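Presented below is the structure to which this report refers.
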Amino acid sequence: FYLPRHTSLWNAMMYSPYVCAKMQLWNGAGMGRWREMLAKMGLPLEQCQQSYAFMKPGLKRRLREVVTEHAEDYGLDGLSYTGFIRITGYRSLLSASDMCYAITALLECEAGENQANALDDGSGSSEEEREDVRLMHSFNAAYDALGSSNAGSVEGSDQSTLVNGGTVVGGDSGAAFGLGGGIKLALSLQKAIIQTAISLVDRKAITRLSHFRYAYIHCTSRGSAGGGLGARGPAAGPSAVGDSSANDDEKSNQPHIFAKPLALTRLAHFLMDIHRANGKWSGNKSRPLVLLAEKPLTDTYVVVGYEFPESTGDVVRNRFGQNFDLAARTMNGTFKFDSFDSNVVEVKSSHVQRFVEQLHYILDAEI
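Numbering of the sequence shown is given in the numbering used here, commencing with residue 330 and proceeding in unit increments.
What follows is the structure, given as structure tokens:
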């Protein structure tokens, strides 16, 4: 389940990539099987849909037992795993996976937008300089959330490092800090990943070529993508490829939630999980996946190549690093290899379609 201690059991299951993909929770049949499973477990919907912290203690105590008893009947093997939990008095209970999700979200989301905007006050700064400022403040927010700057203080004395502290991007301060802010950002990011993947599948927006599949993720007027799951199941949402009524100037000034390598890779991973579970991308239908996310602030696209593992947990050598580099070398264009992973490249918007075509020609020549 996804961050179960910091949301409702309903949301923790719905936004779990594993549960959502296995049970196909974006359609009516999947939702029906899920409700049936909860009923067999003896978990009332009213209890599931409220905050996990306020569920009846008896239900929480036997949750692991009933999940283990019924999960295999619905194709959910290996729902639990061994981990570590940190308890800080009565105020904070945090697992190792919670920490990972929170810190990753703080790194991926723009924590320094106000500071970046300050550079525009007569300085004539470039977008690259503004992006460096945003990255620096995102890193500092994540680093501070780890508590490294307060190593000498009593653990738990800083409320912003607890899960019930911190603020979120878009709040009064316009910045995210602390594990509290990171947890909330992680929940928002995971919802966007699930909703965007479902939107791409529903609209058949993923194109299949001979050697790979690819899809564009364009920015909406709010700088995000959506569609798919509502609070109680399938619901309509904004298109993942933009809003035709959006103001172009407003759109170009918005960051894109998927214009970051980790978030885009997680989206690709979930798309693979969906199609591995339903068998549509298996056998001779299996192909690697290339996702191209618009980055309007710099008029570029972030491109991620993701290989297809036949089984969950399989490690497959990613060949996109060398192929991306070769495609960039064989055409005139603007490219930026600025990631820890070689299978990530940033391409100028005017060159991105030609880049996809060149990549196809290169893979075709390897056969």
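Positions of the beta carbon are idealized from the N, C-alpha and C atoms, including for glycine.
Note that the structure is a prediction, hence the values are computed from the model and not measured.
Check, Outcome
"Have a look at S671 and F468 and give me their C-alpha separation to the nearest angstrom.", "21 Å"
"In the DSSP assignment, find the unbroken alpha helix (DSSP H) run with A368 in it and report its ends.", "G357 to M370"
"State the beta-bridge partners of Y410 as determined by DSSP.", "Partner(s): none; Y410 has no beta bridge."
"Taking DSSP as the reference, what is the three-state secondary structure of I432?", "helix"
"May I ask which residues mark the beginning and end of the alpha helix (DSSP H) holding I603?", "P590 to N607"
"What do you get for G441, buried or exposed, if any count of 16 or more other CB atoms within 10 angstroms of its CB means buried?", "Bear in mind that the predicted position of G441 carries a pLDDT of just 48, short of 50, making it unreliable; the figure below should be weighed with that in mind. Buried."
"On the premise that A622 lies in contact with F666, defined as a C-beta separation below 8 Å, what is that separation, rounded to the nearest angstrom?", "Their Cβ separation, rounded to whole angstroms, is 16 Å, which puts F666 and A622 out of contact at 8 Å."
"Do K369 and D402 have their C-beta atoms within less than 9 Å of each other?", "yes"
"If you drop the 5 nearest sequence neighbours on each side, which residues of the same chain put their C-beta closer than 8 Å to that of V644?", "P638"
"Nearest CA to the CA of T594: which residue from A606, L620 and H585?", "L620"
"Excluding the five sequence neighbours on either side, which residues of its own chain have a C-beta within less than 6 Å of the C-beta of H680, listed in chain order?", "G662"
"Tell me which residue opens and which closes the alpha helix (DSSP H) that I546 is part of.", "No alpha helix (DSSP H) holds I546; the beta strand (DSSP E) holding it covers R542 to I546."
"When the Cα atoms are used, what is the spatial distance from L692 to E675?", "20 Å"
"Note down the Cα distance separating C438 from G507, rounded to an integer number of angstroms.", "13 Å"
"According to DSSP, simplified to helix, strand and coil, what is L405?", "coil"
"Quick check on I414: buried or exposed, where buried means 16 or more other Cβ atoms within 10 Å of its Cβ?", "exposed"
"Hey, V396 and G371 are a contact pair by Cβ (cut 8 Å); roughly how many whole angstroms apart?", "Actually they do not touch by this definition, with Cβ atoms about 11 Å apart."
"Where does the unbroken alpha helix (DSSP H) through E460 begin, and where does it stop?", "E456 to A474"
"What does the alpha-carbon distance come out to for the pair M601 and G509?", "30 Å"
"Going by the beta-carbon positions, is the gap between L514 and A431 smaller than 9 Å?", "yes"
"Please state the DSSP three-state secondary structure of A622.", "strand"
"Should S380 and S409 be called a contact, given that it needs their Cβ atoms to be closer than 9 Å?", "no"
"Can the beta-carbon of P617 be found less than 9 Å from the beta-carbon of F649?", "yes"
"Among all the DSSP beta bridges, which residues are the ones paired with G634?", "V619"
"Where does S539 fall in DSSP's three states?", "coil"
"Can you find the residues in the same chain that come closer than 6 Å, C-beta to C-beta, to A565, ignoring five residues on each side of it along the sequence?", "Only weak support exists for where A565 lies, its pLDDT of 32 falling under 50; the coordinates are left without a value."
"Per DSSP, what kind of secondary structure is V697 in: helix, strand or coil?", "The requested residue 697 does not occur in the structure, where the chain is confined to residues 330 to 696."
"Given L388, which residues of its chain have a CB within under 7 Å of its CB, disregarding the five upstream and five downstream residues?", "L372 and Q376"
"In this structure, does DSSP put I586 in helix, strand or coil?", "coil"
"Quick check: what's the CA-CA separation for Y543 versus H604?", "14 Å"
"Look up R415 in the DSSP assignment and say whether it is helix, strand or coil.", "strand"
"I'd like the list of long-range same chain contacts for E636, defined as Cβ closer than 6 Å, with 5 residues on each side in sequence excluded.", "P617, V645 and N647"
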